[in-house]
Each structure stands twice: as structure tokens, then as C-alpha cells.
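S.K.:
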């Protein structure tokens, strides 16, 4: 009589001595290459995601961040207001939930609108100019500020555009550090 494991085909991993990923997957895990990107690109395309692909995560992330920050701010304001009003028990809990939901929804919608406008301008500019660079980012952020405050009159509109431009400049400064550090000013 042989041992209990004589009848079972156990794969031998001589390359790296790795255990199988699962007993149901009978292959060498060294075939899995982790150095390549985790998403698929069509042949002949660039090796990074464009503005259109990034727009969805930008919009969703903005809504989630806005909801979380707005909910936290609503909770703090609700604690203050319900304590000042002398509410207790179920009534206070209900009011706190109302504060959290109202402020969270307002902030999520506001940041979501900013993200949709910014993404639409950015995608439109990148398609129109057929390039992706910091000029598109600055133009999209400025146009977003201008459009968002367009109903506040000329001064409000200009303030919104200036704020959008400032945020775009800050974003470009953070994300383009390598480009900025490679610039060398030559002395004449």
C-alpha cells in the first residue's frame, strides 16, 4: 500500500517554489506577470488613462468626499443646535440624522457639479486640442469657476474664475513637480 498522497497529482513548482493560488487552479503562478498594467489598452493607444476615463472616478470621488465632509459638518452643527434647543432622546437623534443627511447631500451635490463641469471642460479641451497637458487643466478649472458663478454677476463670475484658476495652478504645481524640477534657467 502506498501513502495517501500517491494517487493525487500535485504540481511541482521548480522555478520559484510557489504554492498554487487555489487547489482548483492547477497552473504555475509564475505565468502571472505583475509588472504589466492592471487594465487593458487597445493596440496602438497610449499607456495611460485619458481624461474621459478619469472623469468617472473624479466625479464619483468628489461626490463621496463631499458627502463625507458635509455629513461630518452637519453632525457637528446638529450637535450644537440640538444641545442649544435642549432636545433629548429620539427627537435629538432624528434631528441629528436630518442635519447629517441634509448637509451631506448638499455638499455631495455641490462637489459633484464641480466635478462634472470640470470633467466636461477637460474632456472637451483635450479632444479639441488633441493633447493632454497643464493648459487643459488650467483652462478647465478656470472655465468651471466662471460657469459656476456666472449667475452672480460679472464680479462674482470673475472671482469664481480666479478661484478656479488658483486651484488649477495649485493642482498643476503638485502633480507636475517632476516637470518643474527639470526646468533649468540658463544665465546669459
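Numbering (the numbering used here), first residue to last: 657 to 844. Where a beta carbon is used, it is the ideal one built from N, C-alpha and C, also for glycine. Computed from a predicted model, the values in this text were never measured in an experiment.
1) Hey, out of 716, 723 and 832, whose CA is closest to residue 760's CA?
2) For residue 715, does the count of other Cβ atoms within 10 angstroms reach 16, so buried, or fall short, so exposed?
3) Span of the alpha helix (DSSP H) holding residue 790?
4) Here's the rule: buried if 16 or more other CB atoms are within 10 angstroms of the residue's CB, otherwise exposed. What is residue 773?
5) Which runs of the alpha helix (DSSP H), 4 residues or longer, sit entirely within the stretch 707-757?
6) In angstroms with no decimal places, state the Cα-to-Cα distance between residue 834 and residue 794.
7) Does residue 799 pass the burial test, meaning 16 or more other C-beta atoms within 10 Å, or should it be called exposed?
8) Taking only runs of the beta strand (DSSP E) that begin and end inside the stretch 764-793, which ones reach a length of at least 3 residues, in chain order?
9) Do you know whose CA, among 821, 790 and 816, lies nearest residue 831's CA?
10) Residues in its own chain within less than 7 Å of residue 738 by CB, not counting five upstream and five downstream?
11) Rounded to whole angstroms, how far is the Cβ of residue 797 from the Cβ of residue 820, which I believe are closer than 8 Å?
12) Helix, strand or coil, according to DSSP, for residue 669 in the structure here?
13) Tell me the rounded alpha-carbon separation between residue 843 and residue 782.
14) Could you please give the first and the last residue of the uninterrupted alpha helix (DSSP H) stretch that includes residue 815?
M.R.: In short:
1) By one-based count along the chain shown, residue 760 stands at place 104. Checked all of 716, 723 and 832; the closest Cα to residue 760 is 723.
2) For the purposes of this step, residue 715 is identified with residue 59 of the chain shown, where counting begins at 1. Residue environment analysis places residue 715 among the buried positions, since at least 16 neighbouring C-beta atoms fall within 10 angstroms of its C-beta.
3) One-based indexing of the chain shown puts residue 790 at position 134. Its alpha helix (DSSP H) spans residues 790-804.
4) Within the chain shown, numbered from 1, the residue matching residue 773 stands at position 117. Buried: at least 16 other Cβ atoms inside 10 Å.
5) Qualifying alpha helix (DSSP H) stretches, in chain order: 707-741.
6) Taking the chain shown and counting its residues from 1, the one referred to as residue 834 is at position 178. Taking the chain shown and counting its residues from 1, the one referred to as residue 794 is at position 138. Using only the alpha carbons, I get a separation of about 18 Å.
7) Taking the first residue of the chain shown as position 1, residue 799 is located at position 143. So residue 799 counts as buried.
8) The DSSP assignment places no complete beta strand (DSSP E) segment of no fewer than 3 residues inside the stretch 764-793.
9) As a working note, residue 831 is residue 175 in the chain shown. Nearest in C-alpha terms to residue 831, of all of 821, 790 and 816, is 790.
10) In the chain shown, the residue the question calls residue 738 occupies position 82. Within the same chain, residue 738 has close Cβ partners 748, 751 and 752.
11) Taking the chain shown and counting its residues from 1, the one referred to as residue 797 is at position 141. Taking the chain shown and counting its residues from 1, the one referred to as residue 820 is at position 164. Their Cβ separation, rounded to whole angstroms, is 4 Å, which keeps residue 797 and residue 820 in contact under 8 Å.
12) As a first step, residue 669 is located in the chain shown; it is residue number 13 there, counting from the start. Here the model assigns residue 669 a pLDDT of 48, short of 50, so the residue's position is not dependable and the matter cannot be decided.
13) Here residue 843 corresponds to residue number 187 of the chain shown, with the count starting at 1. Here residue 782 corresponds to residue number 126 of the chain shown, with the count starting at 1. The pLDDT assigned to residue 843 is 45, lower than 50, so where the model puts this residue is not dependable; a value taken from the coordinates is nonetheless given after this. The alpha-carbon atoms of residue 843 and residue 782 are separated by roughly 35 Å.
14) The residue labelled residue 815 in the question sits at position 159 within the chain shown. From DSSP, the alpha helix (DSSP H) with residue 815 extends over 809-831.
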